[in-house]
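Working notes, structure below.
Residue numbers (the numbering used here), protein chains in the order written: chain A, 1 to 117; chain B, 1001 to 1491.
Listed below in structure tokens is the structure:
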């Protein structure tokens, strides 16, 4: 199999780096959270594509079907999605409180205000 | 009944958390949380005794046998960490009642105790489970609770610290998730014991090497190994006093446990330290952390931040013991894990008393407290002595074992580094002692001793610092047997 044959992993790596770069490079806290979301979703993709079995059917017992996809990674990622949603919700709640307390959601401005006080 | 203790110790705080959030007032939720933490201490002690009598315990969750079902697996190592967790929680929660009522609005108190219970559920869950993906889920439960707890601090900087920790913590946890995913892809199992058996066959592949890298970096972010410690000082500084004590004593320790579990049980000693250059990487980072974080601590004006940097240095001692990859080194790491939790929680509780009376924990608040708050200052000094590693305290025991382990390897330079780092601890603790005892307060002091309900938990921990520093049979015995089992030294 050529290296491009596993193109799903290339997509995962590209998304992962995009997300991580957004987290690091953006000053806006909401954009940081968006980057974090992309980063986490890339990992979900990795798990889900790992569960793929060639010519496999959906993992529901059916007569006449021999090969099924692996359902375990999917179930794991359902849990991880819930965790991701909770993290995002908490992150956004914190952003709202930061906006109320500082009047800004820009990391550099927050840093400057913290250093000044 | 006691067959279900292993699951009960996790389920109890998890179920109590929503109940605490529903209760109103300042006493109800607190009482519930405190009772739960005491019950957890009882369960943890019963489990430790059982593990010592019967060896490794396995509990099939929902009756599904491993490796298909999720297994809770308890050996000397995690039973030991669970006792530590429950012990610290059972002492800090009584302290929290007055301390939190002063620092936090009454309407937020039920939320505080719910978050504390969730934190406990997450942390005990990490130690209870034998399933790698379960560790991730519990890691996130405890982390989310931690972000909430930090954000409850009075200062608005608590919010930004919590947000920055959320970003760093989530990246760390996701790295951990990537590592687990890659391991699952190579072995087809998530059960840690099963992973340990199947990994050697595929160990020499790039996928597994990548998995190790992601796992170790992810966990090291959580345990604040230098230079991944940047979230920690602010988080500890701006969290409410009692929360700082709880976090300093528990959350980094559990991350250290995860590191030990993965390096020793899942990857195995030969692979982690023989084939991969983890010893040199971890030893260098641990040493840098010990020296640089201690040096930074000396210059701090905010005492909570000083102790936080000292924590980063102390994590260095633990990682050092792990990286030595010998039974002696691991024993020292486990002892320091337990002992550091005792001394840091004692110090942070003493700081909580000072914050309660003086309204702050900067160096200037220490002026003259030697006279106005004699018991609190004495507790702080006692905790400081333990942190430095003076004989008769727990700090001495773990440093002694660490030095012995370093000499056992023939690494004399390491002994020098440990001594230098301890001397720096003398400097930063002495500075505070000097201010507390030899400087007079600016105004004629109207301040007086902290109330008994704050002093009792503080002194209980101080007493433990000395008790376990003199009678070391319990801690050293358990740590040694756990270390021997992990390094495969037999008997």
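Cβ coordinates follow ideal geometry from the N, Cα and C atoms, glycine included.
Query, Result
"Cutting at 7 Å between CB atoms, please list the residues of its own chain near residue 28(A), excluding the five before and the five after it.", "105 and 106"
"So within the region 1372-1436 of chain B, which uninterrupted alpha helix (DSSP H) runs reach at least 4 residues, ignoring any that extend past its ends?", "1374-1388 and 1394-1408"
"Please indicate yes or no: does the CB of residue 1087(B) lie closer than 7 Å to some heavy atom of the ligand MN?", "Questions concerning the ligand MN fall outside what the structure shown contains, since it holds no ligand whatsoever."
"So, residue 1101(B) versus residue 1024(B), is the Cβ gap smaller than 8 Å?", "no"
"Just checking my contact of residue 1078(B) with residue 1128(B) at CB under 8 Å: how many whole Å lie between their CB atoms?", "7 Å"
"By DSSP, does residue 1203(B) sit in helix, in strand, or in coil?", "coil"
"Using the C-alpha atoms, what's the distance from residue 1163(B) back to residue 26(A)?", "14 Å"
"Excluding five sequence neighbours on each side, which residues of the same chain lie with their C-beta closer than 8 Å to the C-beta of residue 1208(B)?", "1182, 1183, 1186, 1199 and 1202"
"What does residue 1362(B) touch in chain A if you count any residue whose Cβ is under 9 Å from its own?", "Within 9 Å Cβ-Cβ: nothing; residue 1362(B) doesn't reach chain A, min ~14 Å."
"Going straight from the alpha carbon of residue 1488(B) to that of residue 1325(B), what length do you get?", "11 Å"
"Check whether the region 1377-1388 of chain B and the region 1424-1440 of chain B are in contact - that is, three or more C-beta pairs closer than 8 Å.", "yes"
"Quick one, which residues of the region 1134-1145 of chain B are near chain A if we go by CB-CB under 7 Å, in chain order?", "1137, 1140 and 1144"
"Buried or exposed for residue 30(A), please, with buried defined as at least 16 other CB atoms from any protein chain shown within 10 angstroms of its CB.", "exposed"
"Look up residue 1170(B) in the DSSP assignment and say whether it is helix, strand or coil.", "helix"
"Which class does residue 1058(B) belong to by DSSP, given the choice of helix, strand or coil?", "strand"
"Got a sec, what are the start and stop residues for the beta strand (DSSP E) residue 1072(B) sits in?", "1071-1074"
"Can you tell me which of the three DSSP states residue 55(A) falls into?", "coil"
"For the candidate residues 1448(B), 1213(B) and 1045(B), whose alpha-carbon lies nearest to that of residue 1355(B)?", "1448(B)"
"Does the beta carbon of residue 1511(B) sit closer than 8 Å to a beta carbon anywhere in chain A?", "Residue coverage of chain B in this structure runs from 1001 to 1491, which leaves residue 1511(B) outside it and unanswerable."
"Tell me, please, whether the region 1336-1351 of chain B touches the region 1415-1425 of chain B by the rule of three or more beta-carbon pairs shorter than 8 Å.", "no"
"Could you spell out the range, first to last residue, of the alpha helix (DSSP H) harbouring residue 1367(B)?", "Taken as a continuous stretch (DSSP letters only), residue 1367(B) belongs to no alpha helix (DSSP H), as it is neither H nor E."
"Quick one: residues in its chain with C-beta nearer than 6 Å to the C-beta of residue 1214(B), no 5 flanking neighbours on either side, listed in chain order?", "1175, 1178 and 1179"
"Please report the residue range of the alpha helix (DSSP H) in which residue 107(A) lies.", "107-116"
"Using C-beta distances below 8 Å, list every residue in its chain close to residue 1007(B), excluding the 5 sequence neighbours before and after it, in chain order.", "1059, 1061, 1072 and 1128"
"Going by DSSP, what residue range makes up the alpha helix (DSSP H) through residue 76(A)?", "72-102"
"Examine the Cβ distances between the region 1271-1281 of chain B and the region 1314-1330 of chain B and report whether three or more of them are shorter than 8 Å.", "yes"
"Which full runs of the alpha helix (DSSP H) of 4+ residues lie inside the region 1171-1243 of chain B, going along the chain?", "1192-1202, 1206-1222 and 1231-1238"
"If we cut at 8 Å on Cβ distances, does residue 1031(B) have a partner in chain A?", "no"
"Quick check on the DSSP output: the alpha helix (DSSP H) that includes residue 1027(B) runs from which residue to which?", "Unbroken run through residue 1027(B): none, as it is neither H nor E."
"Comparing C-alpha positions only, which one of 1399(B), 1066(B), 1171(B) and 1054(B) sits nearest to residue 1290(B)?", "1399(B)"
"If the criterion is Cβ atoms closer than 8 Å, does the pair residue 1041(B) and residue 1057(B) meet it?", "no"
"What separation, rounded to the nearest whole angstrom, lies between the Cα atoms of residue 1369(B) and residue 1241(B)?", "18 Å"
"Any beta carbon of chain A sitting closer than 8 Å to that of residue 1498(B)?", "Since the first residue shown for chain B is 1001 and the last is 1491, residue 1498(B) is missing from the structure and cannot be characterised."
"For residue 8(A), which residues from the same chain have a beta carbon less than 6 Å from its beta carbon, with the 5 sequence-adjacent residues on both sides left out?", "49"
"Output yes if chain B places a C-beta closer than 8 Å to the C-beta of residue 102(A); else output no.", "yes"
"Near residue 1287(B), which residues of its chain fall below 8 Å by C-beta distance, leaving aside the five closest residues on each side in sequence?", "1316, 1320, 1414 and 1417"
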